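If you count the sequence shown from 1, you need to add 646 to reach the working numbering.
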Amino acid sequence: METSSVFPEPGMQQLPGSRAGNAPEDDDGGDGKGSMDGNGVSENPYAGLVALLRAAWLSGKTRPLEYRVAQLEALGRFLEEKKQEILEAAALDVGKPPFEAELTEILLCKNELHEALNNLCQWMKDEPVERNMATRLDSAFIRKDPYGVVLIIGPWNCPVNLLLGPLVGAIAAGNCAVIKPSEMTKNTEKLMAEGLPSYLDRDCFAVVTAGVQETSRLLENKFDYIFFTGSPSMGRVVMAAAAQHLTPVTLELGGKNPCYVSDTCDVRSVARRVAWGRFFNAGQTCVAPDYVLCTLEMQEKLMPALREAITEFYGSNPRESPDFGRIMGQKEFQRIRALLCSGRVAIGGQTDEKDLYIAPTVLVDVQPSDPIMQEVILGPILPIVAVASVDEAIDFINNRERPLAVYVFSSDDKVVAQVLERTSSGGFCSNDTLMHMILTSLPFGGIGCSGLGKYHGKFTFDTFTHQRGCLHRNMGLEALNALRYPPYSKHRVGIVCAASRVKHKGSCTLL
C-alpha cells in the first residue's frame, strides 16, 4: 500500500485501554510520561504496555477457541454498531463516498471476519503429516501456534479495513496485538482509539496513536510479528527495526501497477473497468491501475471511450459528483498536482487546492522518463504509454520494480496467458481491475518492492501463525532404535537409511 508518508508529523499519542506512558522521546519530566534510568538512558514509553500484553499472552488466555471467537464477534459488533461513524470518518479523512467506504472499509472487513469465524475450528486443528518407516508408529503433526505479541501498523488510504483486516487474523491465530492507526486520518484514528477498547479485551489488545518519533520508539520494542502497510521507504524503516530483534514481518507496500490493453478487446468495457479502478477513492488505492500500456491505434479508440465512461460515472462536472472523492490532504494534493506536467492532458486536468479536488485525468504522450512514471501516483491521474506490441509491453513491465498487481485486457486468451507467464507481480487480474482483491480465497500481497508476505482469509491466519513441527514418539520399542546408536557399522547405516528414505516416485505433469 503505497503512501507518500506513513508517519509524516510528530505528535502526542494516547493509549486507550493501556497503561503505558505517552511522551515523546525527549520528555524527561516526572509526570509519568517518560523517565530516565540509572544510566541516563530514556526509558521506552511503550515497554510497560508491551510487557503487559506479553504477560497476558504467556498466561494462555488467547489460546482457547472460545476466546478467539468471542473477540472476533466483539470486533464484528464494533463494525456493525459503529458503521455510521466509520462512514463519516472516511468521508472526513479522505473524502471517500459512502458507497466506496461501505465496500472497502465495512464489507471487505466483515468478509474477513466471517471467513475466520466460519473456518477457525478447522484452521486451528493439528495437521497430520506423512511419516516414513522409521516413524511409522509415531504421531507427526503441525501445531498452529500463535506468535505472541504482534504489532499492526495501518495506512491512511483505507484506514479501517487495512488495520482491522490483519487484526482479524491476529486474533484468530491467538495473538495479543498492538494496533496503530494512521495519524494522517485523525477522525478514524480517534474512532479506533476511543471505540475499539470498549469491545476488545484490554488485557490483550491495545490501540496506540503515534506520530513519527513515538512510532520509532514503539518499534524499538520486541514484538513477535510486525504487519505494516505503507510506503516502501517506511517499509525499510520497519524492517530495519524488526531486524534488531529478528522479528518476522509482513510488508504491504504497493507499486506502479501496469495495465496492458491489447488491440483485441471490447473498448467500451475496457474503458469503464479501467476508469472505475483508476478513479475509485480518487485514485488513492494501492491496487489501482497506475498506467496503461497500449498501441497508438488502441489509444485512439480508448480516449473517447474513457471520456464517455468518466462522464457516465461522474457527470459533466465530476467536482459536483457525490461519487467522486477528494485528495486526503494538502501535501498529497501538491504532490499529485505536480505530476500533471508529465505528457499532455487529454481528459480532465482541473484542480482546486481549497477543495482538494483533482479531476479524473488522462495523460497521453507520456514518456518513461516523465516524473509521473517515477513514483506511484495514488491519485486520479491515468497516464497512457504507447508500446508497439505485447512483447514491448512485457519488456516495459519487467524493466521496472515488480508491482502489486498486473492487469491485462484482451479477448485473446493467448495474450492473457503470455502476460501472466512472462511477468511477475503480487497479484494478477485479466479483463478487470481491483476485483481479485475481494476474494478471501486468494492471497493478497506484494513481491520485491511491492511487499513481503501475504494475507486475506486463511492466509491472514497463516501469517500470524507459527507452524510448529511436532513428533510424538513411543517410549517403548527401544530395540528398534538401537540401529542408530554407536558403535556404527555399514550394515546399520544401510538399514537406517532405508527406513528414513524419501523415494523419488517419478516425473510429474502440469495440467
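All residues carry an ideal CB built from backbone N, CA and C; glycine is no exception. Because the structure is a prediction, the values reported are computed rather than measured.
Review point. Can you tell me the Cα-Cα spacing of Ile1093 and Lys832, whole angstroms?
Key: Answer to the nearest angstrom: the Cα atoms are 30 Å apart.
Check your understanding: For Val775, is the classification buried or exposed, using 16 other Cβ atoms within 10 angstroms of its Cβ as the cut-off for buried?
Key -> Counting Cβ neighbours within 10 Å, Val775 comes out exposed, since fewer than 16 surround it.
Check your understanding: Is Cys911 closer than 8 Å to Tyr1178 when the C-beta atoms are compared?
Key -> Residue 1178 lies beyond the residue range present for the chain, which begins at 647 and ends at 1157; the question has no answer from this structure.
Exercise for review: Jot down the residue ranges of each uninterrupted alpha helix (DSSP H) in the region 973 to 998, minimum 4 residues, whole runs only, in chain order.
Suggested key: Here the runs fully enclosed are 976 to 984.
Practice item. Can you grab the Cα-Cα spacing for the pair Gly815 / Arg990, in whole Å? Key: Rounded to the nearest angstrom, the two C-alpha atoms are 45 Å apart.
Check your understanding: Ser785 lies in the beta strand (DSSP E); which residues open and close that run?
Key -> Per DSSP, the unbroken beta strand (DSSP E) holding Ser785 starts and ends at 785 to 792.
Practice item. Please confirm whether Gln930 and Met885 have their CB atoms less than 8 Å apart. Key: The answer is no: Cβ separation not under 8 Å.
Check your understanding: Taking Lys902 as the reference, which of Ser1146, Ala701, Asn1045 has the closest Cα?
Key -> Here the closest residue by C-alpha is Asn1045.
Check your understanding: Mind checking Ala984: buried by the 16 CB within 10 Å criterion, or exposed?
Key -> Counting other Cβ atoms within 10 Å of its Cβ, Ala984 stays below 16 and is therefore classed as exposed.
Check your understanding: How long is the line joining the alpha carbons of Val920 and Pro935, rounded to whole angstroms?
Key -> Val920 and Pro935 have their C-alpha atoms some 7 Å from each other.
Review point. Cα separation between Lys836 and Phe787?
Key: Going from the Cα of Lys836 to the Cα of Phe787 covers about 44 Å.
Exercise for review: Excluding the 5 residues preceding and the 5 following Gly994 in the sequence, name in chain order all residues of the same chain whose CB lies nearer than 7 Å to its CB.
Suggested key: If we look at Gly994 and ignore the five residues flanking it on each side, its Cβ neighbours are Ala1005, Pro1006, Thr1007, Val1008.
Practice item. With DSSP collapsed to three states, give me the class of Tyr1232. Key: Since the first residue shown for the chain is 647 and the last is 1157, residue 1232 is missing from the structure and cannot be characterised.
Check your understanding: On the three-state DSSP scale, how would you describe Ser1070?
Key -> If DSSP states are grouped into helix, strand and coil, Ser1070 belongs with coil.
Point to revise | C-beta contact flag for Gly1099 and Thr1109 at 8 Å | key: Result yes, Cβ atoms of Gly1099 and Thr1109 sit closer than 8 Å.
Exercise for review: Below 7 Å CB to CB, which residues in the same chain sit around Ala992 once its five sequence neighbours on both sides are set aside?
Suggested key: By the criterion of a C-beta distance shorter than 7 Å, Ala992 is surrounded in its chain by Met949, Val1008, Leu1009, Val1010, once the five residues flanking it on both sides are discounted.
Check your understanding: Exposed or buried, which one is Asp870 when buried takes at least 16 other CB atoms within 10 Å?
Key -> Per the 10 Å Cβ criterion, buried.
Check your understanding: Comparing alpha-carbon positions, which option in Ser962, Gln996, Thr1086 lies nearest Arg972?
Key -> Closest by alpha carbon: Gln996.
Point to revise | Contact the region 791 to 802 vs the region 696 to 712: 3+ CB pairs below 8 Å | key: Between the region 791 to 802 and the region 696 to 712 there are three or more inter-stretch CB-CB distances shorter than 8 Å, so the stretches are counted as touching.
Review point. Per the contact definition of three or more C-beta pairs closer than 8 Å, is the region 798 to 813 in contact with the region 723 to 739?
Key: Below 8 Å, enough C-beta pairs join the region 723 to 739 and the region 798 to 813 to call them touching: three or more.
Review point. What is the DSSP secondary structure of Arg914, reduced to helix, strand or coil?
Key: Annotated three-state conformation of Arg914 is helix, per DSSP.
Practice item. Identify whether Ala1144 lies in helix, strand or coil by the three-state DSSP scheme. Key: It is helical.
Review point. Are there 16 or more other CB atoms within 10 angstroms of the CB of Glu1067, so buried, or fewer, so exposed?
Key: Classification for Glu1067: exposed.
Point to revise | Spatial distance of Ala747 from Pro968 (CA atoms) | key: Using only the alpha carbons, I get a separation of about 13 Å.
**Study point:** Alpha carbon of Glu943 to alpha carbon of Val1031, nearest angstrom
**Key:** Taking the straight line from one Cα to the other gives about 12 Å.
Practice item. Going by DSSP, name the residue or residues bridged to Arg1010. Key: Position check: residue 1010 holds Val in this sequence, whereas Arg was assumed. DSSP lists Arg990 as partners of Val1010.
Practice item. Counting only the same chain and skipping the five closest in sequence on each side, list residues whose C-beta sits under 8 Å from that of Leu864. Key: Contacts found: Tyr692, Leu797, Val824, Lys826, Val854, Ala856.
Check your understanding: Going by other Cβ atoms of all chains shown within 10 Å of its Cβ, with 16 needed for buried, is Val1148 buried or exposed?
Key -> The residue is exposed, with fewer than 16 neighbouring Cβ atoms inside 10 Å.
Check your understanding: Do you know offhand how far Phe851's Cα is from Ala1034's?
Key -> Distance between the alpha carbons of Phe851 and Ala1034: 54 Å.
Exercise for review: Determine the direct distance from the alpha carbon of Phe1105 to that of Leu813, and round the result to whole angstroms.
Suggested key: Between Leu813 and Phe1105, the C-alpha separation is close to 13 Å.
Point to revise | Helix, strand or coil at Ser1076 [DSSP, three-state] | key: Looking at Ser1076 - three-state DSSP - the assignment turns out to be strand.
Practice item. Express the C-alpha separation of Leu1129 and Leu590 in angstroms, rounding to a whole number. Key: Because the chain is modelled from 647 through 1157, residue 590 falls outside the range shown and cannot be assessed.
Practice item. Could you spell out the range, first to last residue, of the alpha helix (DSSP H) harbouring Tyr937? Key: For Tyr937, no alpha helix (DSSP H) encloses it; the enclosing beta strand (DSSP E) starts and ends at 937 to 940.
Practice item. Excluding the 5 residues preceding and the 5 following Cys767 in the sequence, name in chain order all residues of the same chain whose CB lies nearer than 7 Å to its CB. Key: Correct list, in chain order: Leu711.
Check your understanding: With 16 other CB atoms within 10 Å as the buried threshold, where does Asp739 fall?
Key -> Looking at its Cβ environment, which holds 16 or more other Cβ atoms inside 10 Å, Asp739 is buried.
**Study point:** Contact check, Ser908 vs Phe1074, beta carbons under 8 Å
**Key:** In this structure, Phe1074 does not lie closer than 8 Å to Ser908 by Cβ.
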